[in-house]
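A.B. asks:
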Amino acid sequence: MASEQQLSTIKGSKVLMVGAGGIGCELLKTLALSGFQDIHIIDMDTIEVSNLNRQFLFRQSHVGQSKAKVARDAILKFRPGISITPYHANVKDPDFSVDFFKQFNVVLNGLDNLDARRHVNRLCLAAGVPLVESGTTGFLGQVTVHVKGRTECYECQPKPAPKTYPVCTITNTPSKFVHCIVWAKDLLFAKLFGDKNQEHDLNVHSKDGSSSSKQTKDVFEREKEENIEQYGKRIYDHVFGYNIELALSNEETWRNRNKPRPIYVRDVFSSELASQNGNLHKCLNGDPPSLSATASLGLKNPQDLWSLKENSKVFLEALKLFFSKREEEIGNLSFDKDDQLAVEFVTAAANIRASSFGIPLHSLFEAKGIAGNIVHAVATTNAIIAGLIVIEAIKVLQHDVKNYRMTYCLEHPSRKMLLMPVELSEPNKSCYVCSETPLDLEINTHRSKLRDVVDKIVKTKLGMNLPLIMHGSALLYEVGDDLEEDEVANYAANLEKVLSKLPASVTSGTILTVEDLQQELKCSINIKHREEFDEEKESDGMILSGWTPPRSAEKNGNTTVDNEVSTSSASKAVPLVAEDDDDLQIIPTITGKKRKLSKVSNETKNKRKAAELHSKNDVVMLDDDNSDMSKKKREQ
Amino acid sequence: MDGEELTEHETALYDRQIRVWGADAQRRLSKSHVLISGLKGTVIEFCKNIVLAGVGSVTLIDDRVVTEDLLAANFLIPHDENVYAGKSLAELCCDSLKDFNPMVRVSVQKGDLSSFSVDFFEKFDVVVVSSCSLSTKKLVNEECRKASKRIAFYTHFHSDFVAEALIRLVQFGVFRINEKHKNGDLRFLKR
Numbered sequence: 001m002a003s004e005q006q007l008s009t010i011k012g013s014k015v016l017m018v019g020a021g022g023i024g025c026e027l028l029k030t031l032a033l034s035g036f037q038d039i040h041i042i043d044m045d046t047i048e049v050s051n052l053n054r055q056f057l058f059r060q061s062h063v064g065q066s067k068a069k070v071a072r073d074a075i076l077k078f079r080p081g082i083s084i085t086p087y088h089a090n091v092k093d094p095d096f097s098v099d100f101f102k103q104f105n106v107v108l109n110g111l112d113n114l115d116a117r118r119h120v121n122r123l124c125l126a127a128g129v130p131l132v133e134s135g136t137t138g139f140l141g142q143v144t145v146h147v148k149g150r151t152e153c154y155e156c157q158p159k160p161a162p163k164t165y166p167v168c169t170i171t172n173t174p175s176k177f178v179h180c181i182v183w184a185k186d187l188l189f190a191k192l193f194g195d196k197n198q199e200h201d202l203n204v205h206s207k208d209g210s211s212s213s214k215q216t217k218d219v220f221e222r223e224k225e226e227n228i229e230q231y232g233k234r235i236y237d238h239v240f241g242y243n244i245e246l247a248l249s250n251e252e253t254w255r256n257r258n259k260p261r262p263i264y265v266r267d268v269f270s271s272e273l274a275s276q277n278g279n280l281h282k283c284l285n286g287d288p289p290s291l292s293a294t295a296s297l298g299l300k301n302p303q304d305l306w307s308l309k310e311n312s313k314v315f316l317e318a319l320k321l322f323f324s325k326r327e328e329e330i331g332n333l334s335f336d337k338d339d340q341l342a343v344e345f346v347t348a349a350a351n352i353r354a355s356s357f358g359i360p361l362h363s364l365f366e367a368k369g370i371a372g373n374i375v376h377a378v379a380t381t382n383a384i385i386a387g388l389i390v391i392e393a394i395k396v397l398q399h400d401v402k403n404y405r406m407t408y409c410l411e412h413p414s415r416k417m418l419l420m421p422v423e424l425s426e427p428n429k430s431c432y433v434c435s436e437t438p439l440d441l442e443i444n445t446h447r448s449k450l451r452d453v454v455d456k457i458v459k460t461k462l463g464m465n466l467p468l469i470m471h472g473s474a475l476l477y478e479v480g481d482d483l484e485e486d487e488v489a490n491y492a493a494n495l496e497k498v499l500s501k502l503p504a505s506v507t508s509g510t511i512l513t514v515e516d517l518q519q520e521l522k523c524s525i526n527i528k529h530r531e532e533f534d535e536e537k538e539s540d541g542m543i544l545s546g547w548t549p550p551r552s553a554e555k556n557g558n559t560t561v562d563n564e565v566s567t568s569s570a571s572k573a574v575p576l577v578a579e580d581d582d583d584l585q586i587i588p589t590i591t592g593k594k595r596k597l598s599k600v601s602n603e604t605k606n607k608r609k610a611a612e613l614h615s616k617n618d619v620v621m622l623d624d625d626n627s628d629m630s631k632k633k634r635e636q
Numbered sequence: 001m002d003g004e005e006l007t008e009h010e011t012a013l014y015d016r017q018i019r020v021w022g023a024d025a026q027r028r029l030s031k032s033h034v035l036i037s038g039l040k041g042t043v044i045e046f047c048k049n050i051v052l053a054g055v056g057s058v059t060l061i062d063d064r065v066v067t068e069d070l071l072a073a074n075f076l077i078p079h080d081e082n083v084y085a086g087k088s089l090a091e092l093c094c095d096s097l098k099d100f101n102p103m104v105r106v107s108v109q110k111g112d113l114s115s116f117s118v119d120f121f122e123k124f125d126v127v128v129v130s131s132c133s134l135s136t137k138k139l140v141n142e143e144c145r146k147a148s149k150r151i152a153f154y155t156h157f158h159s160d161f162v163a164e165a166l167i168r169l170v171q172f173g174v175f176r177i178n179e180k181h182k183n184g185d186l187r188f189l190k191r
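Chains as they are written, first to last, in our numbering: chain A, 1 to 636; chain B, 1 to 191.
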């Protein structure tokens with residue numbers, strides 16, 4: 001158990017938790033049980049039903065309330081004496097300044113998105129406070145430590161941006177179900193129910209360049225007094241029938257691809273059309289009309305695969321329900337995974353499109369997961385990770401630098417280990433976040449506007465929240481509450497100018513300084529003019545470079561899944577536990593004494609050999625257990 | 001839990017974990033019965049996790065009364081003497097766990113673990129035993145093996161630096177997990 005000294009260090013420390021969700025609940029519990037007495041916790045979310053399978057501090061009756069506050073109350077029930085300060089707020093809020101962060105001995109992250117993690121990373125660097133990072137997905141998890149100057153920061157190894165797809169794949173040539181989902185969600189749903197002015201066009205352009213929308217007024221607009229069901233069928237025929245026929249006329253596209261088939265309402269329903277209307281109107285047994293197409297159609301099981309006909313029924317019924325019962329929302333709706341009707345519509349639309357292109361259909365349950373970017377999660381992984389976070393936090397509080405570890409929680413044991421600790425690397429000398437390295441930006445300075453740089457580079461790639469852009473001493477752009485009206489107007493005007501025409505003209509060779517005062521991050525960007533960019537591969541029209549991943553990243557082969565858990569292939573993450581190599585990554589402190597690397601490696605070697613002698617049956621047992629699970633996943 | 005299909009509420013509640021282990025596994029969980037004896041430390045964690053997972057029923061055995069020591073690593077018991085006075089550990093944990101997931105039937109079984117026979121243990125699919133002597137554990141183990149169906153038997157022991165979990169799955173024989181606290185790594189060793 002903890003020594004006297006550890007206990008008193010714990011008692012006297014002040015800890016900040018960011019996130020009171022899956023990891024947060026387990027972490028708060030573990031911190032409280034471990035003797036921590038002063039905990040602050042930030043979370044902007046409210047409690048939802050789907051949280052309750054693992055965020056055990058919350059109850060059904062708490063749905064809708066602040067996670068941070070309810071978590072605090074729950075903990076105080078079994079540890080009444082400790083101090084927990086909840087903040088129902090966004091950690092990116094300027095109130096959580098560098099000074100705010102400075103008051104803590106350690107910061108513990110339990111976040112679920114890249115953006116917030118980068119933000120906290122920068123604030124911790126600026127404040128000089130150690131950060132313990134973590135993440136989980138299903139049975140996988142990891143914990144790591146970031147200490148300024150001693151270890152890599154969170155951004156030393158570049159994290160890949162969320163997956164995006166080329167526009168033409170979505171609009172013309174889908175080959176995977178996810179392409180159909182993106183089409184249904186970001187194009188069709190948005191067009192029908194969201195803001196009608198959107199960038200990408202649902203309408204297919206025929207070979208001769210004339211778009212199907214040019215002929216008449218907007219095809220998607222419902223005409224005055226147009227019967228809702230007629231409208232629904234018209235839209236159906238347009239997107240699944242007519243548009244496909246138009247696409248087929250572009251022979252080139254289909255030379256090496258399977259051709260889609262157009263689908264019309266009349267093909268799917270044939271003679272049933274007339275009687276269909278009657279059924280669709282009925283509510284079952286006088287139940288109050290739930291706003292759900294599947295409910296009124298009796299499609300109860302979300303795991304079922306619907307036929308093309310059933311999908312079509314759902315499509316038409318959902319559309320009808322939106323227009324008849326939720327008319328006031330139309331024009332303002334954006335897709336929300338917790339909006340049952342929206343999920344049903346998107347599932348149906350995606351499935352019909354998939355059917356057309358010969359792509360396998362998916363159940364409502366599966367489609368919802370894809371469309372909503374749902375992360376699968378269980379309580380146990382979070383509990384394990386929380387335990388590991390506290391172990392690292394205690395090391396940090398004691399400045400036990402040599403023992404800081406990144407620990408992976410694996411689904412299947414690798415070399416007999418389910419929890420795998422790895423030594424931490426030193427800071428990446430070319431990390432622009434913690435080492436002030438300049439970056440290079442290739443861009444067409446005569447075509448690209450300042451706005452493009454701000455949106456695509458400064459905010460997105462560099463993750464700055466409230467940026468400031470300077471060319472030498474000239475302020476080209478800034479954001480802030482305290483700006484004068486004419487300044488705001490000036491910056492707004494600058495955004496619309498191409499780089500070369502800015503007041504302090506930006507051309508090849510210019511060095512821009514980009515800063516975020518809140519994150520205390522400053523960065524230099526060397527501009528290089530380039531005329532042309534590949535429309536498909538370099539669709540942004542600009543390339544940012546100069547940020548070299550450190551050597552170890554290539555060795556580890558780290559990849560990040562959508563929810564930001566870095567899952568390295570376990571065997572690569574522990575490359576040097578292998579028998580012959582003395583240059584160890586892992587140093588298990590078996591007896592707690594410090595040893596020379598080579599000596600330890602021999603000992604570990606022997607222990608592993610001993611373990612491996614008995615390993616066969618064990619491995620088989622575990623694999624047997626787990627293969628069922630992985631099969632399950634594949635079936636999903 | 002009636003019927004083969006998961007109810008709408010279950011689907012909503014268990015959505016995230018169904019995406020991990022599948023609807024079929026969830027259904028089977030909801031039909032399983034777990035016996036847990038020795039409510040302290042790691043076993044409390046297990047209680048939480050198994051209840052959240054949505055098993056059919058959990059039966060708790062622990063007639064001990066609350067002490068400072070037992071309160072220390074137990075987040076299921078409120079620090080309120082008005083609440084915990086006069087009740088056994090099992091009763092207190094039972095009240096708490098019911099709250100965690102109202103769909104799980106949580107109950108208390110009084111009595112000494114070593115006094116039960118296979119007729120009792122047969123009701124369960126999983127038996128977890130802790131905070132008792134090795135001989136009691138062996139006894140329970142033997143009774144479980146007599147059952148006509150498969151019962152998964154787990155024991156757990158924890159002291160300052162070593163935690164041991166012994167898992168017996170009828171089909172596969174015995175193996176032991178040895179956890180080294182300082183390393184933070186969890187490795188399997190066969191006995």
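Note that the Cβ used here is the ideal one computed from N, Cα and C, for glycine as well. Computed from a predicted structure; not experimentally measured.
Given a cut-off of 8 Å on the beta-carbon distance, is the pair A393/A and V91/A in contact?
C.D. replies: Their beta carbons are not under 8 Å apart, which means A393/A does not touch V91/A by this criterion.
A.B. asks: To which residues of the same chain is L31/A closer than 7 Å at the C-beta, ignoring the five residues directly before and after it?
C.D. replies: V15, I39, V390, listed in sequence order.
A.B. asks: Below 8 Å on the Cβ atoms is my contact criterion, and I expect T460/A with L499/A to pass it. Report the Cβ-Cβ distance as a whole number of Å.
C.D. replies: Incorrect: roughly 18 Å between the Cβ atoms, too far for contact.
A.B. asks: Can you list the beta strand (DSSP E) stretches of 3 or more residues lying completely in the segment 475–514 of chain A, in chain order?
C.D. replies: none
A.B. asks: Assign I359/A to buried or exposed, taking buried as 16 or more other Cβ atoms, counted over all protein chains shown, within 10 Å of its Cβ.
C.D. replies: buried
A.B. asks: Looking at the structure shown, is S566/A part of a helix, part of a strand, or coil, going by DSSP?
C.D. replies: A caution first: S566/A carries a pLDDT of 39, below 50, which makes its placement in the model too unreliable to give a value.
A.B. asks: Do I61/B and Q26/B have their CB atoms nearer than 8 Å?
C.D. replies: Not in contact: I61/B and Q26/B (Cβ atoms no closer than 8 Å).
A.B. asks: Which one of S524/A, E436/A, S448/A, D452/A has the shortest CA to CA distance from G472/A?
C.D. replies: S524/A
A.B. asks: If distances are taken between C-alpha atoms only, which option among D516/A, Q518/A, T507/A comes closest to E531/A?
C.D. replies: T507/A
A.B. asks: Distance cutoff 8 Å, beta carbons only. Does R72/A sit that close to anything in chain B?
C.D. replies: no
A.B. asks: Look at the alpha carbon of L194/B and the alpha carbon of G387/A, and state the distance between them as a whole number of angstroms.
C.D. replies: This structure cannot speak to residue 194/B, because chain B is shown only from 1 to 191.
A.B. asks: Check each residue of the segment 360–384 of chain A: if its Cβ is closer than 7 Å to any Cβ of chain B, include it; give the result in chain order.
C.D. replies: So the close ones are G369, I374, H376, A377, V378, A379, T380, A383.
A.B. asks: At 7 Å on the CB atoms, spell out the chain E contacts of P86/A, in chain order.
C.D. replies: Judged by its chain identifiers, the structure shown contains no chain E, and its protein chains are A and B.
A.B. asks: Using a Cβ-Cβ cut-off of less than 9 Å, list which residues of the segment 289–309 of chain A approach chain B; keep chain order.
C.D. replies: K300, N301, P302, Q303
A.B. asks: Check whether the Cβ atoms of F315/A and F189/A sit closer than 8 Å, and answer yes or no.
C.D. replies: no
A.B. asks: Report all residues from its chain with a CB closer than 6 Å to the CB of V129/A; omit the five preceding and five following residues, and keep chain order.
C.D. replies: F101, F104, V107
A.B. asks: Could you tell me whether any Cβ in chain A is nearer than 8 Å to the Cβ of N49/B?
C.D. replies: yes
A.B. asks: Return the chain-ordered list of same chain residues with a C-beta closer than 7 Å to the C-beta of S34/A, the five sequence neighbours on each side being excluded.
C.D. replies: I10, V390
A.B. asks: Do you know whose CA, among D267/A, R234/A, N227/A, Q303/A, lies nearest I18/B's CA?
C.D. replies: Q303/A
A.B. asks: Does the distance from the C-beta atom of P427/A to that of G149/A stay below 8 Å?
C.D. replies: Yes, the pair counts as a contact, with Cβ atoms nearer than the cut-off.
A.B. asks: Expressed to the nearest angstrom, what Euclidean distance is found between the alpha-carbon atoms of K163/A and A354/A?
C.D. replies: For K163/A and A354/A, the distance between alpha carbons rounds to 20 Å.
A.B. asks: Can you tell me whether G81/A is buried or exposed? The criterion is at least 16 other CB atoms within 10 Å of its CB, across all chains shown.
C.D. replies: With fewer than 16 other Cβ atoms within 10 Å, it is exposed.
A.B. asks: If the cut-off is 7 Å on Cβ atoms, which residues from the segment 29–55 of chain A count as contacting chain B, listed in chain order?
C.D. replies: Cβ contacts with chain B: K29, L33, V49, S50, L52, N53, R54.
A.B. asks: What is the rounded straight-line gap between the Cα of F357/A and the Cα of V268/A?
C.D. replies: Those two C-alpha atoms are separated by around 16 Å.
A.B. asks: Output the residue ranges of the alpha helix (DSSP H) runs that lie fully inside the segment 147–199 of chain A and measure 4 residues or longer, sorted by chain position.
C.D. replies: The qualifying runs are 167–171, 177–182, 190–193.
A.B. asks: Beta carbons nearer than 7 Å to chain A: which residues of the segment 9–23 of chain B have them?
C.D. replies: Contact annotation: in the segment 9–23 of chain B, residues whose CB is within less than 7 Å of a CB in chain A are T11, A12, L13, Y14, D15, R16, Q17, R19, V20, W21, G22, A23.
A.B. asks: What residues in the segment 125–156 of chain A bring their beta carbon closer than 8 Å to a beta carbon of chain B?
C.D. replies: Residues of the segment 125–156 of chain A with a C-beta less than 8 Å from any C-beta of chain B: G138, F139, listed in chain order.
A.B. asks: For R105/B, which residues does DSSP report across the bridge?
C.D. replies: S57/B, per the DSSP bridge assignment.
A.B. asks: Examine chain A for any beta-carbon lying closer than 8 Å to the beta-carbon of H79/B, and answer yes or no.
C.D. replies: Look at H79/B: its C-beta is under 8 Å from a C-beta on chain A.
A.B. asks: Could you check the C-alpha separation between L418/A and D440/A for me, to the nearest Å?
C.D. replies: 41 Å
A.B. asks: Express the C-alpha separation of S296/A and D93/A in angstroms, rounding to a whole number.
C.D. replies: 44 Å
A.B. asks: Could you check how far apart the C-beta atoms of T381/A and G141/A are, in whole angstroms? I think they sit under 8 Å.
C.D. replies: 5 Å
A.B. asks: Determine, using beta carbons only, whether K77/A comes closer than 8 Å to chain B.
C.D. replies: K77/A belongs to the set of residues whose beta carbon lies under 8 Å from a beta carbon in chain B.
A.B. asks: I want to see whether chain B comes within less than 8 Å of R234/A, judged by CB atoms only; does it?
C.D. replies: no
A.B. asks: Figure out for me which residue from D486/A, D482/A, V433/A, L495/A has the closest Cα to the Cα of M470/A.
C.D. replies: L495/A
A.B. asks: In chain A, what lies closer than 7 Å to F153/B by C-beta?
C.D. replies: Chain A residues near F153/B: none, gap ~15 Å exceeds 7 Å.
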